[in-house]
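Residues in the sequence shown are numbered consecutively from 42, following the working numbering.
For glycine and all other residues, C-beta sits at the position ideal for the given N, C-alpha and C.
All values reported here derive from a predicted model rather than from experimental measurement.
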Amino acid sequence: MDATDQTPRRMKNVEQQYIAEQNGVIANLDKDERLHELVSKIVRDNVYSCPYEPERMVITQLDEKGATHGWHWDDYSLALVWILDAPPPETGGVLQCVPNIFWDKEKPDVLRFFLKNPIYSYHFGPGQAYLMQTSRTMHRVYPLLDNEHRRLIVNFAFATEEDMRSDISHERVEALWEPT
Ligand SMILES: O=C(O)CCC(=O)C(=O)O
Ligand SMILES: [Fe+2]
């Protein structure tokens, strides 16, 4: 898979269109009004389900040693990530992030930011969820350290007022789903 500034993506994904096809609980949850109200309250802004369908939601599984979702930014401001399964922290799979970093899509230059900013690491267990400002936070999932555990998540992307007014490009997700 194409990667931001050479940082690897070794993961299994279910694209939004296949989640939608199943029409199960997950497929419509990101449109739930109560969820929008909750997220709105937390971020103190109006939020919208991601207007670009392929980026609305994704399921990601890391399930072997070295599997990782490498350093990147998301196109839309907010991600609500539901952790369905996760390894204990000593076997990898923790979320790492460097907040308040502007994404230069032409020249991401990921390494430069490590020299000037701390990296924060967070472990989430099964059943937890986190909300992150993902368009200005460089983030990744630390590689799994063994073959015995898996990390399985669902990510809902939400747009803010500013996102809705901006002309957001989607190369990252388009590259993500390109056949290899
Ligand atoms: O797996 C995670 O916690 C992060 C997911 C993520 O960054 C993404 O789907 O863009
Ligand atoms: Fe992300």
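The beta carbon of GLN169 sits closer than 6 Å to the beta carbons of ILE124 from its chain, once the five residues preceding and following it are set aside; these are given in chain order. Under the DSSP assignment, TYR59 falls in the alpha helix (DSSP H) whose first and last residues are 57–63.
Leaving aside the five residues that flank ASN87 on each side, the residues in its chain whose CB is nearer than 8 Å to its CB run, in chain order, SER81, THR201, GLU202. The beta carbon of ASN188 sits closer than 6 Å to those of GLU105, LYS106, all from its chain and outside the five residues before and after it, given in chain order.
Assigned with DSSP and collapsed to three states, SER81 falls in helix. ASN69: member of the alpha helix (DSSP H) spanning 66–70, first to last residue. Within 10 angstroms of the beta-carbon of SER210 lie fewer than 16 other beta-carbons, which makes it exposed. Look at the beta carbons and you see the segment 174–185 touching the segment 112–127: at least three pairs across the two are nearer than 8 Å. By the neighbour-count definition (other C-beta atoms within 10 Å, threshold 16), ASN196 is a buried residue.
The continuous alpha helix (DSSP H) containing LEU152 extends over residues 151–157. Annotation: VAL135 to ASP208 spans about 32 Å, alpha carbon to alpha carbon.
Between HIS110 and MET205, the C-beta spacing is not below 8 Å. Look at ASP104 here: in three-state DSSP terms it is coil, with no helix or strand label.
Inter-residue distance for PRO128 and ASP145 is about 32 Å (C-alpha atoms, whole angstroms). DSSP lists no beta-bridge partner residue for LEU186.
Looking from the CA of PRO159, the closest CA among ASP150, TRP114, GLU147, CYS138 belongs to CYS138. Within a 10 Å sphere around the beta-carbon of GLY166 sit fewer than 16 other beta-carbons, which makes this residue exposed.
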